[in-house]
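Reviewing the structure listed below.
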Amino acid sequence: MTMNPFTTALDIQRQTFERGADTIDKMRLLPERLDDLASVEVGQTPSEVIHSENKLDLLHYEPLNDDRHNTPLLVVYALINRPYILDLQPDKSVVRRFLEDGFDVYLIDWGEPSRLDASLTLGDYVNRYIDNCVDVVRDQTGADSINVLGYCMGGTISTMYAALYPEKVNNLGLMATGLCFNDTGGILERWGSEDYFDPKRITETYGNVPSEFLATGFAQLNLIENALMKYGILYDHLDDKEAVENFGRMERWVRDGVDVAGEAYRQFIEDIYQDNALYRNELVLDGDHVDIENLTMPVLQIVGSFDHLIPPGASKPFSEVIPSEDTDIYEFPTGHVGMAVSGKSHGELWPRVATWFRERSTTQAVSPDTTEREEAQMEAEQETSLQTIDGIGPTYEERLRDAGITTVGQLATAEAATLADRLGVSESRVTTWMEQARQRTS
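Count the sequence shown with full-length UniProt numbering and you get residues 1 to 442, in order.
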């Protein structure tokens, strides 16, 4: 059967007119859709600021479930971008998923550093800011140790924190977290190689690393999609108000970057990417060895199969070099950001993650039939236990006992420099312990 050339020409003309009419209809919608893009709301889950320090705010979210777990959850976000990607909209909110599951949820919003903050180190973020936030959560909830969930760079510094303060971390969750850079970190590791990139040149020029510099680099990892494809998809869905609003929320977050403290950035690139020091157990912060041998708590890695920022190979090998006997890896077919906002992730991945934390968050209460004598004995043991000193958990208590310090009284009268040398920690940390011990025994 031969095709009528006149019919074919008419069909082409008809299709052209239809496309033109469709374009006109969408252009009529454009002003309304631009208003929709500009008015989208993010971070809608109610919260209150319970602690502020320098630029950071510690948020506490209102519970959505009366039946709450004993162990609270602290979410540690990255130093890049804004944390509302974890609470983008009610049906795509990691924060809300945990609240619905009965968790008491807290989140660190780092804010944006000023020029005066350019000298902030990774040690400042880990030993001061995160530790202070953890202590606020512990004081507010009465929990000795808490759950920690870190995202991206926030997961890396959460790992540092857990290694330095293992007694304060009940379970550690690491979401799209860079931990191992031995030709496993993809394009970012190659770009950040010491053969091609010197972070000092950026920090010496700008002080803090500009958000525009970071955003440009991330965009170039997937240039075609970021520059062209996503706008074509937006055009195709202009008649779908909900789709346009979803696009607007994501674009708001992508463009809502923050600068990064210069010295912390330099350390992160040199120590983590270029030297692979965390994975090799050679990282030192503020004079203290970040000993990953202390990571004996349960550890969950949440990995995106298509993550172009932190490929699975930059995360998964870490579970093989830590001593924890309870490690899991949940690998999901999504990307770095899709892990936080895709509908499929919220339908399938995050219920599993919440269950993992829930199953490991039950604390043992004193049995009702415990005698008064047994309770008195427990109290007496607590008074002499080194773990009553803030910052001393099972690991450091064992080291102190090996050094001949078995009671709070002995700690109060120890010689700080000698003890610090034997423990392999900074003298300032030992001095802080000793000051608490003196207060307890005075």
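We put the beta carbon where it would ideally sit given N, CA and C, even for glycine. This structure is a prediction, so every number in the text was calculated from the model and none was measured.
Cut-off 8 Å between Cβ atoms - residues of its own chain near alanine 414, not counting five sequence neighbours on either side: Taking the sequence shown and counting its residues from 1, one reaches residue 414 at position 414. The residues are Ile405, Val430 and Met434.
Sub-8 Å separation of valine 299 and serine 315 beta-carbons: For this step, residue 299 is matched to residue 299 along the sequence shown. For this step, residue 315 is matched to residue 315 along the sequence shown. Against a cut-off of 8 Å, the Cβ pair of serine 315 and valine 299 comes out as no contact.
Whole-angstrom distance between proline 72 and glutamate 167, CA atom to CA atom: As a working mapping, residue 167 is identified with position 167 in the sequence shown. As a working mapping, residue 72 is identified with position 72 in the sequence shown. Answer to the nearest angstrom: the Cα atoms are 15 Å apart.
Contacts around threonine 296, its chain only, beta-carbon distance under 7 Å, and the 5 residues preceding and following it disregarded: Working through the sequence shown from its first residue, we reach residue 296 at position 296. Cβ within range, chain order: Pro166, Pro323 and Ser324.
Residues near arginine 352 by beta carbon distance below 7 Å, same chain, minus five either side: The count along the sequence shown starts at 1 and reaches residue 352 at position 352. The answer, listed in chain order, is Tyr330.
Limits of the beta strand (DSSP E) - the one that glutamine 89 falls within: For the purposes of this step, residue 89 is taken as residue 89 along the sequence shown, with counting starting at 1. Start and end: 87-89.
N- and C-terminal bounds of the alpha helix (DSSP H) containing leucine 411: Here residue 411 refers to the residue found at position 411 of the sequence shown. Start and end: 408-412.
For glutamate 331, the residue or residues it bridges with in DSSP: Counting from one through the sequence shown, the residue named residue 331 turns up at place 331. For glutamate 331, which the question treats as bridged, DSSP gives the partners Val303.
Stretch pair the segment 62-81 + the segment 104-119: three plus CB contacts closer than 8 Å: yes
Coil, strand or helix - serine 324 by DSSP: Here residue 324 refers to the residue found at position 324 of the sequence shown. Serine 324 falls in the coil class under three-state DSSP.
Bridge partners - methionine 175, DSSP secondary structure assignment: Within the sequence shown, residue 175 is the residue found at index 175, counting from 1. Its beta-bridge partners are Tyr151 and Ile302.
Histidine 289 to glycine 424 span [Cα, whole Å]: The residue labelled residue 289 in the question sits at position 289 within the sequence shown. The residue labelled residue 424 in the question sits at position 424 within the sequence shown. Their backbone Cα atoms lie some 8 Å apart in a straight line.
Proximity to proline 199 [Cα-Cα], best of Val254, Phe98 and Glu263: Here residue 199 refers to the residue found at position 199 when the sequence shown is read from its first residue. Here the closest residue by C-alpha is Glu263.
Span separating the alpha-carbon of glutamine 261 from that of tyrosine 151: Translated into positions along the sequence shown, residue 261 becomes position 261. Translated into positions along the sequence shown, residue 151 becomes position 151. Residue identity differs from the one stated: residue 261 is alanine in this sequence, not glutamine. If I take the Cα positions, the gap works out to 18 Å.
Secondary structure of lysine 55, DSSP reduced to three states: Counted from its first residue, the sequence shown places residue 55 at position 55. The answer is coil: DSSP assigns lysine 55 none of H, G, I, E or B.
CB of alanine 122 within 8 Å of CB of proline 63, strictly: Within the sequence shown, numbered from 1, the residue matching residue 122 stands at position 122. Within the sequence shown, numbered from 1, the residue matching residue 63 stands at position 63. It should be noted that the sequence gives leucine, not alanine, for residue 122. No, the pair does not count as a contact, with Cβ atoms beyond the cut-off.
Other residues of its chain near proline 46: CB distance less than 8 Å, five sequence neighbours each side excluded: Along the sequence shown, one-based indexing puts residue 46 at 46. The residues are Tyr61 and Glu62.
Exposure of alanine 118, with buried meaning 16 or more beta-carbon neighbours within 10 Å: What you label residue 118 is simply residue 118 of the sequence shown in a count that begins at 1. It is buried - the Cβ of alanine 118 has at least 16 other Cβ atoms within 10 Å.
Helix, strand or coil at glutamate 293 [DSSP, three-state]: Within the sequence shown, residue 293 is the residue found at index 293, counting from 1. Helix, per DSSP.
Glutamine 267, buried or exposed, once every other Cβ within 10 Å from all chains shown has been counted against 16: The residue labelled residue 267 in the question sits at position 267 within the sequence shown. By the neighbour-count rule (16 or more Cβ atoms within 10 Å), glutamine 267 is buried.
Residue burial classification, glycine 287 (beta-carbon count within 10 angstroms, cutoff 16): One-based indexing of the sequence shown puts residue 287 at position 287. With fewer than 16 Cβ atoms within 10 Å of its Cβ, glycine 287 is classed as exposed.
Alpha-carbon spacing of arginine 358 relative to glycine 347, whole angstroms: Reading the sequence shown from its first residue, position 358 is the one you call residue 358. Reading the sequence shown from its first residue, position 347 is the one you call residue 347. If you take the alpha carbons of arginine 358 and glycine 347, they lie about 17 Å apart.
Per-residue DSSP class, three states only, for tyrosine 196: By 1-based counting over the sequence shown, the position of residue 196 is 196. Reduced to three states, the DSSP call for tyrosine 196 is coil.
Limits of the beta strand (DSSP E) - the one that valine 105 falls within: Along the sequence shown, one-based indexing puts residue 105 at 105. It spans 105-109 - the beta strand (DSSP E) in which valine 105 sits, taken as one unbroken run.
Straight-line Cα distance separating glutamate 212 from leucine 172: What you label residue 172 is simply residue 172 of the sequence shown in a count that begins at 1. What you label residue 212 is simply residue 212 of the sequence shown in a count that begins at 1. Those two C-alpha atoms are separated by around 31 Å.
Beta carbon of methionine 160 nearer than 8 Å to that of leucine 79: Taking the sequence shown and counting its residues from 1, the one referred to as residue 160 is at position 160. Taking the sequence shown and counting its residues from 1, the one referred to as residue 79 is at position 79. The answer is no: Cβ separation not under 8 Å.
Reference histidine 51; option with closest CA among Trp191, Glu41, Asp139 and Asp67: In the sequence shown, counting from the first residue as 1, residue 51 sits at position 51. Comparing Cα-Cα distances from histidine 51 to each of Trp191, Glu41, Asp139 and Asp67, the minimum goes to Asp139.
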